[in-house]
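Protein sequence lines correspond, in order, to chains X and F. Numbering-wise (numbering that gives the first Met the number 0), the first sequence opens with residue 0 and increments by one. Numbering-wise (numbering that gives the first Met the number 0), the second sequence opens with residue 0 and increments by one. Backbone N, C-alpha and C fix where the C-beta goes; we use that ideal spot for every residue, glycine too. Just so it is clear, the structure is predicted and the values come from calculations on it, not from any experiment. Report on the structure given below.
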Amino acid sequence: MRYYLPEHEEVVEPLADLRVMVDQIKLSMDIPGVEKKNLELKVSEKTVIVRASAVIGKRNVHYYRRIDLPVEIDPDSVKARLTAGVLEITARIKPRGFREVTVE
Amino acid sequence: MSVEIVELSEEEGDILLLGFPGNGLVGAISSDYMIRQANMKRAAKVDSRNFPPVVKLMDGMAIEPINIYYTKGIYVMIDEVALPPQSIAELITFTLDWFSKKKGKLVLLIEGLAVENRLEKEKPSVYKVYNNDKAKELASSIEADPLPSGYISGHIAHFLKEANYRGIPAIAVLVECFPSYPDPGAAAAVINAIKPLIKIEIDTQPLINESNAIRLKMRELMRQVQAAQRPAGYIG
């Protein structure tokens with residue numbers, strides 16, 4: 000989605016790659032030009048939200064991406080790393096607990 | 000289905016270099032950069048009624064998004080539109096027919112090799128694959144290791160086989176790249192690897208410097224490529 004902002008301002012949806020494994024997810028996002036201080040990452044059990052900004056040439060670029068996960072994760076297990084403008088996020092998938100129900 | 004190549008100049012090249020937007024868009028980024036840096040001239044336009052309805056705009060003029068540029072005996076084909084695998088195969092076949100009629104001496108294909116640990120590699124590895132002994136001899140000046148045993152699928156395999164049928168020496172030059180993102184760093188590495196063969200002086204530092212802008216600009220093409228095709232792969 001493209002938003003209309005003043006000249007030299009741009010909001011872009013970054014490319015992302017989500018891999019769901021047996022017990023964890025690996026999510027990466029391409030946010031070229033972004034430094035850690037200009038990056039905001041929020042997570043819940045089902046959602047990851049990334050907001051970031053960078054100056055590329057003469058353009059002020061604002062990144063925004065919300066990803067609804069196909070599995071539930073443990074937000075306390077989330078680890079994130081930013082290397083050369085690529086954000087890598089790993090998180091443990093919440094184990095599904097089964098409760099035995101007494102039939103009346 | 001037929002692909003039409005309309006020549007716009009009378010230049011004759013011995014080497015043809017193909018760059019398609021595949022893994023990491025390495026082929027498209029490196030071709031575009033070489034064309035700009037070497038100030039190559041548009042030598043032919045390429046189109047088919049079966050290609051997606053996309054045109055490139057140049058100062059208000061709509062032109063074909065697939066073109067062949069020329070300088071100093073080298074043709075570079077650049078494809079700036081995401082094509083489905085069948086269309087890429089047809090494009091390769093018709094282009095090799097065209098090059099064969101021109102009695103071309105060598106054809107190169109630049110492609111990305113998606114690796115999971117790309118972030119850990121400041122300098123991605125470059126590999127080469129050739130289709131006959133003559134190509135192997137010519138490839139000796141490419142600064143790359145031969146790809147070890149395994150299988151190659153998709154348009155890279157099609158390219159090597161089709162060139163062989165026509166008796167044209169062919170080399171696929173593959174560079175490690177991001178699986179899902181445009182990778183100008185990989186494009187720079189592959190240009191540096193083939194420079195001794197194509198003998199065109201190209202400084203890749205500006206490509207590294209403008210890497211962020213290229214990643215930003217190319218993300219839409221990357222999305223289209225991911226939607227249009229399953230990138231060619233290597234199983235080692």
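Look at residue 180 of chain F here: in three-state DSSP terms it is coil, with no helix or strand label. DSSP, read as helix, strand or coil, puts residue 16 of chain F in strand. When C-alpha distances from residue 54 of chain X are compared across X:30, X:40, X:70, X:79, the shortest belongs to X:30. With a 10 Å radius around the Cβ and a threshold of 16 neighbouring Cβ atoms, residue 184 of chain F comes out buried. Where residue 111 of chain F is concerned, there is no enclosing alpha helix (DSSP H), although the beta strand (DSSP E) around it starts and stops at 105-113. The three-state secondary structure of residue 213 of chain F, taken from DSSP, is helix.
Listed along chain F, no residue sits closer than 7 Å to residue 67 of chain X by beta-carbon distance, the nearest being about 18 Å off.
Taking C-beta atoms as the reference points, residue 176 of chain F and residue 117 of chain F count as a pair closer than 8 Å.
Residue 87 of chain X and residue 79 of chain X have their alpha carbons spaced roughly 6 Å apart. Residue-level contact check: residue 35 of chain F does not touch chain X, since none of the beta carbons of chain X fall below 8 Å from its beta carbon. Closest in C-alpha terms to residue 8 of chain X, from the list X:89, X:25, X:52, X:38, comes X:52. Closer than 8 Å to the CB of residue 10 of chain X there is not a single CB belonging to chain F. The beta carbon of residue 37 of chain X sits closer than 6 Å to those of 51, 52, all from its chain and outside the five residues before and after it, given in chain order. If you draw a straight line from the Cα of residue 190 of chain F to the Cα of residue 72 of chain F, it comes to about 17 Å. For residue 42 of chain X, the secondary structure class from DSSP, reduced to helix, strand or coil, is strand. Here the C-alpha atom of residue 74 of chain X lies approximately 6 Å from the C-alpha atom of residue 43 of chain X. Within chain X, the residues whose beta carbon sits less than 8 Å from that of residue 214 of chain F are 29, 31, 84, listed in sequence order. Residue 134 of chain F is a Cβ neighbour of residue 169 of chain F, given a cutoff of 8 Å. Within the same chain, and ignoring the five residues on either side of residue 195 of chain F in sequence, the residues whose Cβ sits closer than 8 Å to its Cβ are 140, 141, 142. 53, 55, 56, 58, 60: these are the residues of the stretch 44-69 of chain X whose beta carbon lies less than 9 Å from some beta carbon of chain F, given in chain order. Shown here, residue 147 of chain F sits in coil according to DSSP, grouped into three states, outside any helix or strand.
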